[in-house]
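Numbering (the working numbering), first residue to last: 89 to 319.
Where a beta carbon is used, it is the ideal one built from N, C-alpha and C, also for glycine.
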């Protein structure tokens, strides 16, 4: 993929392990890595917006900003880490010191997943992402509520057919034209993201290669703390 910024770059996601998953740069900054223009800690949907009308099954994908990274619940990790929870028709908890419950309105992604397939019946729904630690105690890292309307549920076909295992750069334009400062969102499908220090089986972290077209030495950004985006 060719990106036309202040100088042409080729950007590609490279696999760290056979499962190809994610990690984000620690200080010092890598060449060409920028400080994010805002440091808001947030989870977000990468492909759903407030007011969207969808048909289910629907593949929805998650993002995570502010330098936070994903970590499976099996091995606790200190610092800015956690796992996603999808809240359906639920407000944020009143007590952020209590573990989140398990129900069909609190869907846990404790393996480090970045996506799920919605199979909701027709109707109106409020969706929100919330990050929590290995004990399911929430962090103050969450999304705004996204209100959607499911117009139809398609009975035919397997919801899993929507899933293609692999990794991708989610938000880059097809024409390759980006401003000098831009965000790169990583995505792992059917592949779980973890901290390198967890040494968790069947997980990985992202590595991003930035290759100058002029033939200079590539810069490899190794995101060992489970991060899923970079500026």
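* Asked: Between residue 251 and the rest of its own chain, which residues show a CB-CB distance below 8 Å, the 5 nearest in sequence each way excluded?
  -> 147, 203, 205, 277 and 278
* Using DSSP bridges, identify the partner residues of residue 317. => 273
* For residue 309: DSSP bridge partner residues -> 296
* **residue 226, buried or exposed, once every other Cβ within 10 Å from all chains shown has been counted against 16** => buried
* Asked: Can you name the residues that DSSP bridges to residue 226?
  -> 220
* To do: Could you tell me which residues DSSP puts in a beta bridge with residue 203?
  => In DSSP, residue 203 forms a bridge with 149.
* Asked: Span of the beta strand (DSSP E) holding residue 236?
  -> 234-241
* **Own chain residues within Cβ distance below 6 Å of residue 95, not counting five before or after** => Note that residue 95 scores a pLDDT of 31, beneath 50, so its modelled location is shaky and nothing firm can be said.
* the region 231-238 in contact with the region 258-274 per 3-pair CB rule at 8 Å -> Output reads no: the region 258-274 does not touch the region 231-238.
* Anyone know if the C-beta pair for residue 171 and residue 160 falls short of 8 Å? -> Going by C-beta atoms, residue 171 is nearer than 8 Å to residue 160.
* Bounding residues of the beta strand (DSSP E) (the contiguous stretch that carries residue 142) -> 141-144
* Asked: Should residue 179 go down as buried or exposed, given a rule of 16 or more other Cβ atoms within 10 Å for buried?
  -> Exposed: under 16 other Cβ atoms inside 10 Å.
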